[in-house]
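Accompanying notes for the structure given below.
2 protein chains.
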Amino acid sequence: MKAELITIGTELLLGEIVDTNAAFLARELANCGVNLYFKSTVGDNLERAQEVLKRAINNADLIIISGGLGPTEDDITREVVSLATERGLVEESSVLLNLENWYTTRYGDGNSMPIQNRKQALFPKGSNIVPNPVGTAPGFWLEVHGKIVVALPGVSKELQAMFNETIRPLISLNGSTRPLAIRNLNFVGVGESNLADLLSDIIDHQTNPTVALYSSTGKVRVRLGAQADSIQEGFRLIRPLEEEIIKRAINNFYGYDDQSLEEVVAAKLIKNRFTLALAESCTGGLIGHTLTNVPGSSLFFQRGYVVYSNLAKQEDLGVKKETLDDFGAVSSQVAMEMAEGVRKKTNTDFGLAVTGIAGPGGGSEDKPVGLVYISLAHAGDTIVQKYLWKGTREQVKQRSTLAALHLLWDTLKSHSKV
Amino acid sequence: MKAELITIGTELLLGEIVDTNAAFLARELANCGVNLYFKSTVGDNLERAQEVLKRAINNADLIIISGGLGPTEDDITREVVSLATERGLVEESSVLLNLENWYTTRYGDGNSMPIQNRKQALFPKGSNIVPNPVGTAPGFWLEVHGKIVVALPGVSKELQAMFNETIRPLISLNGSTRPLAIRNLNFVGVGESNLADLLSDIIDHQTNPTVALYSSTGKVRVRLGAQADSIQEGFRLIRPLEEEIIKRAINNFYGYDDQSLEEVVAAKLIKNRFTLALAESCTGGLIGHTLTNVPGSSLFFQRGYVVYSNLAKQEDLGVKKETLDDFGAVSSQVAMEMAEGVRKKTNTDFGLAVTGIAGPGGGSEDKPVGLVYISLAHAGDTIVQKYLWKGTREQVKQRSTLAALHLLWDTLKSHSKV
Chain F
6 MKAELITIGT ELLLGEIVDT NAAFLARELA NCGVNLYFKS TVGDNLERAQ EVLKRAINNA
66 DLIIISGGLG PTEDDITREV VSLATERGLV EESSVLLNLE NWYTTRYGDG NSMPIQNRKQ
126 ALFPKGSNIV PNPVGTAPGF WLEVHGKIVV ALPGVSKELQ AMFNETIRPL ISLNGSTRPL
186 AIRNLNFVGV GESNLADLLS DIIDHQTNPT VALYSSTGKV RVRLGAQADS IQEGFRLIRP
246 LEEEIIKRAI NNFYGYDDQS LEEVVAAKLI KNRFTLALAE SCTGGLIGHT LTNVPGSSLF
306 FQRGYVVYSN LAKQEDLGVK KETLDDFGAV SSQVAMEMAE GVRKKTNTDF GLAVTGIAGP
366 GGGSEDKPVG LVYISLAHAG DTIVQKYLWK GTREQVKQRS TLAALHLLWD TLKSHSKV
Chain U
6 MKAELITIGT ELLLGEIVDT NAAFLARELA NCGVNLYFKS TVGDNLERAQ EVLKRAINNA
66 DLIIISGGLG PTEDDITREV VSLATERGLV EESSVLLNLE NWYTTRYGDG NSMPIQNRKQ
126 ALFPKGSNIV PNPVGTAPGF WLEVHGKIVV ALPGVSKELQ AMFNETIRPL ISLNGSTRPL
186 AIRNLNFVGV GESNLADLLS DIIDHQTNPT VALYSSTGKV RVRLGAQADS IQEGFRLIRP
246 LEEEIIKRAI NNFYGYDDQS LEEVVAAKLI KNRFTLALAE SCTGGLIGHT LTNVPGSSLF
306 FQRGYVVYSN LAKQEDLGVK KETLDDFGAV SSQVAMEMAE GVRKKTNTDF GLAVTGIAGP
366 GGGSEDKPVG LVYISLAHAG DTIVQKYLWK GTREQVKQRS TLAALHLLWD TLKSHSKV
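Quick mapping for you: the protein sequence lines, in order, are chains F and U.
Sequence positions in the first sequence follow our numbering and run 6 to 423.
Sequence positions in the second sequence follow our numbering and run 6 to 423.
Right, here's the structure in full:
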């Protein structure tokens, strides 16, 4: 199956937005075994967009359009598909009703839907509605001369949810190529090149499965892909390689595919009925935010303290004034007193603390920007780690959060019953 | 001048790389007054890439190709341009010498240049060399039937340096269009379509400046663009429109261009020497994280409490047990006691509190998922707001954070001296 991607939006041609939707769709299509051979971006111009779509329908089997489904005049995707496929637009009353209800629920009875939003209930004749589980406006797909044309919104979260729920199954139904099984292995606390060194013989001799490494701030992903007659057969090919790779970096491995470090940490805490309290200084709440992104986190997380000032460290966590005076707020001693203090005060199984200098200001020769101490207190032991990160303020916060969760994950593995 | 962008590289069609070069070039071309009307990505396929280039030469005045200039077999840009423009490839001896010298200097006399790198000294006949100030391989540009075709490497640093040094001056020399001044106005707490309604007469009658709306979670951006003889003249054309638009939605406007809401809030707090404390329930630390992304936030932010449990709300903030029993943790009463409690406890000017149900679990008929109360306590008054958000857990957290900062921003505007 040959696919083509069309993103519609003048803002993408002005460089104000990096087109992450294209990267997402490209990756997902590859995972489905669909061969994406062309992608293009066209502005909010009816004529030009029509021409591009007509050409795509001639060349490809599957055409995915993203963007241009909003309520404003710039949003031209409906008209473009209607004109290029010579099908009139019809109003879907069920969609219209949903849109109107949404406005009334959200803004109260007095506030009805703006008239221009009515446009979002229009679809080219013969369209199938693609439900939008996380937003108001649905997308659509239709068959044109045996080809499939799909239209999804430009908002990433909506596009991704709709692709996952509706378009992926649609592709499987129409799939003609040999499926590609993909398994991602996620690692933390190891650099991309160090992991590549560790796996160099495997990387050098890869055929099917293929092996590729991708890194993002503080994390590395190893992607194994195997083409086979069935997905099951593909995963059978992947399994021995997967086990070998995990074995070689077992202390850094934390999960598969879309599993996040916070998810595996949360699952482990919940399973063991452990509780956790946080004491954050330079991360400013990011650890709490990250952990509470996991549904059900209230089962183990009861409270956190963002203690930016020295007074807060003393009053809320019982850090001693002498410790602050003698060693400074960014020190292993203060990190440990924060971890022990928050654990004692909240009566939890684990107390996790971070103190450091996120920058760009506040550094000195002795204590440069990027210096961070992380401490974890639990029954019988308090661990402390020192890091010196490079990068921007946000990167220092992110790397510290990952390292803190990594420390918690490591400790949980050796101190858990289940 | 009409421009088209072609990026060459199979990796871009596999979604393994987000195409930041395209965003860079798109933005820079807009700044040069060049109208980018189409961009496309094609894999490492000689025939397909040729077809795309031929079409581009027919349609545009300036064609910029990025990628495909490396030494490996996948690197096909030279051949593509050579075939599409029917010009043979010739070896540039000066470039070859440079490449060889670079290898000897870097790896020592014993290590000569790999034979395949010789390819990087080949150029379509009649090409002008584009020097590469930060890497080994140069790019090239040539005139074809009065059109300009430019080829630059895919490595971002090299592409950007080469664009700045050679291509931008080249465009000015050939430029026939006028530069484009761009001003973005940022709004919060208003939907895209409501803002479009408010500005409908302006949007309907736009010519130069142009007006366009873009939305992301909880925020809307209005982009004004004016073409004129100079950038200064462009901004002069924009100014009256800019002022009119801000006037119509003054309560929702918070900043220009890349300014974030947290930045303007932080600047206002610092200027007025105000202090702030946070009491977060369903946002889990996201407000603290967002505010502490701003450098210097320790000047106004001293501490925050993430009070997930009822016990924490009582112990840390002094929320009354009866209030929790009578109205529940997600109620305007508890939100107000949280805001007043955190302000009193920390002795700050402002106490900002959020309590709600982020979902996906925890909702009921009375108190559905997405129900959020935000409260702000300051000298003499405590404000409380009720919201009912739609969306995922993370979206509820994000929208609540934006709404909380919006409330703070609004209050600061009317209670600040500077």
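A virtual CB, placed ideally from N, CA and C, is assigned to each residue, including glycine.
query = Going by alpha carbons, who is nearest to residue 348(U) out of 30(U), 391(U), 306(U), 328(U)?
reply = Closest in C-alpha terms to residue 348(U), from the list 30(U), 391(U), 306(U), 328(U), comes 306(U).
inquiry  = So that I know if they touch, is there some Cβ in chain U lying closer than 8 Å to that of residue 76(F)?
reply    = Yes, residue 76(F) counts as interfacial toward chain U.
Own chain, CB closer than 7 Å to residue 267(U), minus 5 neighbours either side, in chain order = Excluding positions up to five away in sequence, the list reads 295, 296, 298, 299, 410.
Residue-chain proximity (residue 319(U), chain F), Cβ-Cβ < 8 Å = Among the CB atoms of chain F, none fall inside 8 Å of the CB of residue 319(U).
inquiry  = Short of 8 Å in beta carbon distance, which residues of its chain neighbour residue 207(F), apart from the five on each side in sequence? Order them along the chain.
reply    = Only 216, 246, 249, 250 meet the Cβ criterion.
ask   = Thinking C-alpha only, which one of 132(U), 230(U), 139(U), 153(U) is nearest residue 145(U)?
value = The shortest C-alpha separation from residue 145(U) is found at 132(U).
request  = For chain U, find out if any of its Cβ atoms is closer than 8 Å to the Cβ of residue 408(F); answer yes or no.
outcome  = Answer no: the Cβ-Cβ gap between residue 408(F) and chain U never drops below 8 Å.
request  = Compute the Euclidean distance between the alpha carbons of residue 335(U) and residue 380(U), then round it to the nearest angstrom.
outcome  = Computed Cα separation, rounded: 12 Å.
query = Secondary structure at residue 227(U), three-state DSSP: helix, strand or coil?
reply = Residue 227(U): strand per DSSP, three-state reduction.
query = When Cβ atoms are compared, which residues of the segment 248-268 of chain F fall closer than 7 Å to chain U?
reply = Result list empty, no residue passes.
message = Against chain F, does residue 294(U) count as a neighbour if the rule is that its beta carbon must be under 8 Å from one of theirs?
response = So yes, residue 294(U) belongs to the interface.
key: Partners in chain F for residue 334(U), counting only beta-carbon separations shorter than 8 Å   = Counting only Cβ-Cβ distances below 8 Å, residue 334(U) has no contacts in chain F at all, with the closest Cβ about 11 Å away.
inquiry  = If we require 3 or more residues per run, which beta strand (DSSP E) segments fall completely within the segment 83-143 of chain U?
reply    = Runs of the beta strand (DSSP E) spanning 3 or more residues and lying entirely within the segment 83-143 of chain U occur at 94-96, 127-129, 133-135, in chain order.
task = Less than 8 Å between the CB atoms is what I'm expecting for residue 214(F) and residue 231(F), so what's the real figure, rounded?
result = Confirmed, about 4 Å.
inquiry  = If the criterion is Cβ atoms closer than 8 Å, does the pair residue 12(U) and residue 75(U) meet it?
reply    = No, Cβ-Cβ distance for residue 12(U) and residue 75(U) is not below 8 Å.
ask   = How is the alpha helix (DSSP H) around residue 273(F) delimited, first residue to last?
value = Per DSSP, residue 273(F) is one residue of the alpha helix (DSSP H) stretching across 266-276.
request  = Within its chain, find whatever has a CB closer than 6 Å to the CB of residue 136(U); leave out the 5 residues flanking it on each side and keep chain order.
outcome  = Answer for residue 136(U): 143, listed in chain order.
ask   = Name the DSSP bridge partner or partners of residue 232(U)?
value = BP columns for residue 232(U) point to 185(U).
query = If you measure from the beta carbon of residue 353(F) to each beta carbon in chain U, is any gap under 8 Å?
reply = Chain U, which has no Cβ nearer than 8 Å to the Cβ of residue 353(F), makes this no.
ask   = Hey, quick one: how far does the alpha helix (DSSP H) through residue 29(U) stretch, first residue to last?
value = Membership of residue 29(U) in the alpha helix (DSSP H) is indicated by the continuous run 25-36.
inquiry  = Does residue 63(F) pass the burial test, meaning 16 or more other C-beta atoms within 10 Å, or should it be called exposed?
reply    = Under a 10 Å Cβ-count criterion, residue 63(F) is classified as exposed, with fewer than 16 other Cβ atoms of the shown protein chains found around its own Cβ.
key: For residue 42(F) and residue 48(U), believed in contact at Cβ under 8 Å, the rounded distance   = Rounded, the Cβ-Cβ distance is 6 Å, consistent with contact.
Residues near residue 37(F) by beta carbon distance below 6 Å, same chain, minus five either side = Contacts found: 176.
ask   = So which residues on chain F does residue 199(U) lean against when the C-beta distance must stay under 7 Å?
value = Chain F residues near residue 199(U): 119.
message = Which residue marks the beginning of the alpha helix (DSSP H) containing residue 179(F), and which one marks its end?
response = DSSP places residue 179(F) inside the alpha helix (DSSP H), whose first and last residues are 173-179.
query = What does residue 202(U) touch in chain F if you count any residue whose Cβ is under 8 Å from its own?
reply = The answer, in chain order, is 119, 121.
Sequence-distant residues of its chain with Cβ nearer than 7 Å to residue 45(U) (five each side left out) = Around residue 45(U): 11, 57.
task = With residue 61(F) as the anchor, note down where its beta strand (DSSP E) starts and where it stops.
result = Residue 61(F) -> not in any beta strand (DSSP E); alpha helix (DSSP H) instead, spanning 51-64.
task = For the alpha helix (DSSP H) holding residue 332(U), just list the boundary residues, first then last.
result = First-last of the alpha helix (DSSP H) with residue 332(U): 326-332.
query = For a contact meaning CB atoms closer than 8 Å, what does residue 298(U) contact in chain B?
reply = No chain B appears in this structure, whose protein chains are F and U.
ask   = In chain F, which residues lie with their C-beta within 7 Å of the C-beta of residue 279(U)?
value = Under the 7 Å cutoff, chain F gives no residues; its nearest Cβ is about 15 Å from residue 279(U).
query = Name the residues in the segment 358-387 of chain U whose C-beta lies less than 7 Å from a C-beta of chain F; which are they?
reply = Answer set for the segment 358-387 of chain U: 365, 366.
task = Could you work out which residue in 238(F), 16(F), 420(F), 377(F) is closest to residue 385(F) when comparing CA atoms only?
result = Residue 420(F) is the option with its Cα nearest to residue 385(F).
When 18(U), 39(U), 269(U) are compared against residue 9(U), the one with the closest alpha-carbon = Of the residues 18(U), 39(U), 269(U), the one whose Cα lies closest to the Cα of residue 9(U) is 39(U).
key: Partner residues on chain F for residue 43(U), Cβ-Cβ distance less than 9 Å   = At a beta-carbon threshold of 9 Å, the residues of chain F lying near residue 43(U) are 18, 45, 46, 47, 48, 53, 57, ordered along the chain.
ask   = Which one of 391(U), 85(U), 261(U), 81(U) has the shortest CA to CA distance from residue 111(F)?
value = Relative to the Cα of residue 111(F), the nearest Cα in the group 391(U), 85(U), 261(U), 81(U) belongs to 391(U).
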